[in-house]
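To keep things clear, I will list the structure first and then write my remarks on it.
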Amino acid sequence: MVDNTPVMDGAFLMDQPLRQRCSDVLRAKARNEPLTVAVHVMLSLLIIVNVASVVMDTVEPFARDYADWFWGIEIICTTAFTIEYLLRIWSAPTDERFAGRFGRLRYIASPMAIIDLVSILPVFLLLLTSIDLRFVRIMRLLRLLKFTRYSSGMDLIVIVFRQQLGMLGATSAGLACFLIFSSGAIYLLEHQVQPETFGNLPKTLYWAIITLSTVGYGDVVPVTVGGKILAAIIALSGIVMIAVPAGILASAFSSELRRREETYRQTAVQHMQGGLHLTDAMRARLQDHQDELGLTDEQAELIINDVREVHRGHIVDDTLFCPHCRKALRIEVSDRTRPR
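Everything in the sequence shown is counted per the working numbering, starting at 2 for the first residue and increasing by one.
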């Protein structure tokens, strides 16, 4: 028989575990695993150091005296983020969402991959073009968005905003309409008296935004009676309109936390069905699930204690007691019938 298997298949199969390992570490599949913790802590520190250097680089004395240090930090951080970006692209097909044909292209077009790309673009733009350096500095601050990968809290914020995108869009549309109407009304009341500040709708729109948000800088104020009454109405309405999206987000955060706690509770119940004692392996699995859900140790401990109490109550309810001494009875059932 002739073996038609390509020679590269062996190398490809040997490459699979390495790619899966790389994906597991970068995606933090096992959050308590030492290598995963080390990689994510290192990347988080690089983001903090890089952003701090960008901030200090805008201070003229520091920029003049420590320019070489800032440039060295930028090169190190950009190199690390570029390697991370390329490794994520290489290991992307191990995720079922990016498996199959054009899987890597779908990953490159994903929101988090775009953030990773934007975080490394500034230095390459600086090296390959004559772009304004101030623009490059601002773009480098976008690396803060990479924290959404390494923080469960940021991950929770992204999930909640994604879930409530429709509601937030509706409230934002209503808020925009209210701002336009307010701008038009104050324009009609004030533009003849103060043409330099309320002479057109863009100027009045600025005033409406400042008033509706109840900031009130005081640089532009109405002087007519109608304008002052309108300003009071807009300011009071702003309290309500700003509170609506805040309430939506607060309710969504609460619902998402309850969902995560219930998910963790179900996992704890499954692991504790055999008894009240948790083995080290069970604790390790629960700890991984806790980290994945972003729950604190206090939340996890309260859930486990609650599951223990419920489980203990079931045991007490199912226990038979002696009618004379009230001691718990231990019943052993054995089958004496043996096959001949």
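Every residue, glycine too, gets a C-beta built ideally from N, C-alpha and C. Here the structure is a predicted model, which is why all the values come from computation and not from measurement.
Please return the same chain residues whose Cβ sits closer than 6 Å to the Cβ of residue i, not counting the five positions on each side in sequence.
i: residue 190; result: 225, 227 and 228
i: residue 64; result: 58
i: residue 117; result: 86
i: residue 291; result: 301
i: residue 283; result: 272
i: residue 71; result: 54 and 58
Assuming residue i and residue j are in contact, meaning their beta carbons sit under 8 Å apart, how far apart are those beta carbons, in whole angstroms?
i: residue 161; j: residue 27; result: So it is not a contact: roughly 24 Å between Cβ atoms.
i: residue 264; j: residue 287; result: The pair is not a contact, with the Cβ atoms about 12 Å apart (cut-off 8 Å).
i: residue 230; j: residue 262; result: Residue 230 to residue 262, Cβ: 49 Å. No contact.
i: residue 176; j: residue 242; result: 6 Å
i: residue 257; j: residue 157; result: 6 Å
Below 7 Å between beta carbons: does that hold for residue i and residue j?
i: residue 105; j: residue 90; result: yes
i: residue 235; j: residue 173; result: no
i: residue 192; j: residue 200; result: yes
i: residue 232; j: residue 212; result: yes
i: residue 108; j: residue 114; result: yes
i: residue 78; j: residue 47; result: yes
i: residue 112; j: residue 169; result: no
i: residue 187; j: residue 198; result: no
i: residue 253; j: residue 165; result: yes
i: residue 208; j: residue 221; result: yes
For residue i, collect the residues of the same chain with a Cβ closer than 8 Å to its Cβ; drop the 5 residues on either side in sequence, then sort them by chain order.
i: residue 74; result: 50, 51 and 54
i: residue 217; result: 211 and 236
i: residue 20; result: 91, 92, 94 and 95
i: residue 340; result: Reliability fails at residue 340, whose pLDDT of 47 lies under 50, so the model's placement of it is uncertain and the value that follows must be treated cautiously. Within the same chain, residue 340 has no close Cβ partners at all.
i: residue 285; result: 33
i: residue 102; result: none
i: residue 147; result: 44, 48, 82, 116, 117 and 120
i: residue 37; result: 25, 26, 29, 30 and 31
i: residue 238; result: 179 and 213
i: residue 317; result: At residue 317, the pLDDT of 44 sits below 50, so the modelled position is not reliable and the matter cannot be decided from this model.
i: residue 76; result: 124
i: residue 260; result: none
i: residue 203; result: none
Enumerate in chain order the residues of its own chain whose CB-to-CB distance from residue i is below 7 Å, with the five nearest sequence positions on each side excluded.
i: residue 289; result: 31, 32 and 33
i: residue 93; result: 99, 104, 105 and 108
i: residue 266; result: 304 and 308
i: residue 35; result: none
i: residue 311; result: none
i: residue 110; result: none
i: residue 97; result: none
i: residue 240; result: 215
i: residue 181; result: none
i: residue 270; result: 308
May I ask whether a heavy atom of the ligand ADP can be found less than 6 Å away from the beta carbon of residue i?
i: residue 206; result: Ligands in the displayed structure: none, and consequently the ligand ADP is not present.
Subject >> Contiguous alpha helix (DSSP H) assignments of at least 4 residues, all confined to the stretch 31-111 >> reply: 35-58, 61-66, 68-92 and 104-109
Original post:
What runs of the alpha helix (DSSP H), each 4 residues or longer, lie entirely inside the stretch 151-221?
Top reply: 153-164, 166-191 and 202-213
Original post:
For the stretch 253-297, which segments carrying the alpha helix (DSSP H) assignment without a break, of at least 4 residues, lie completely within its bounds, in sequence order?
Top reply: 281-294
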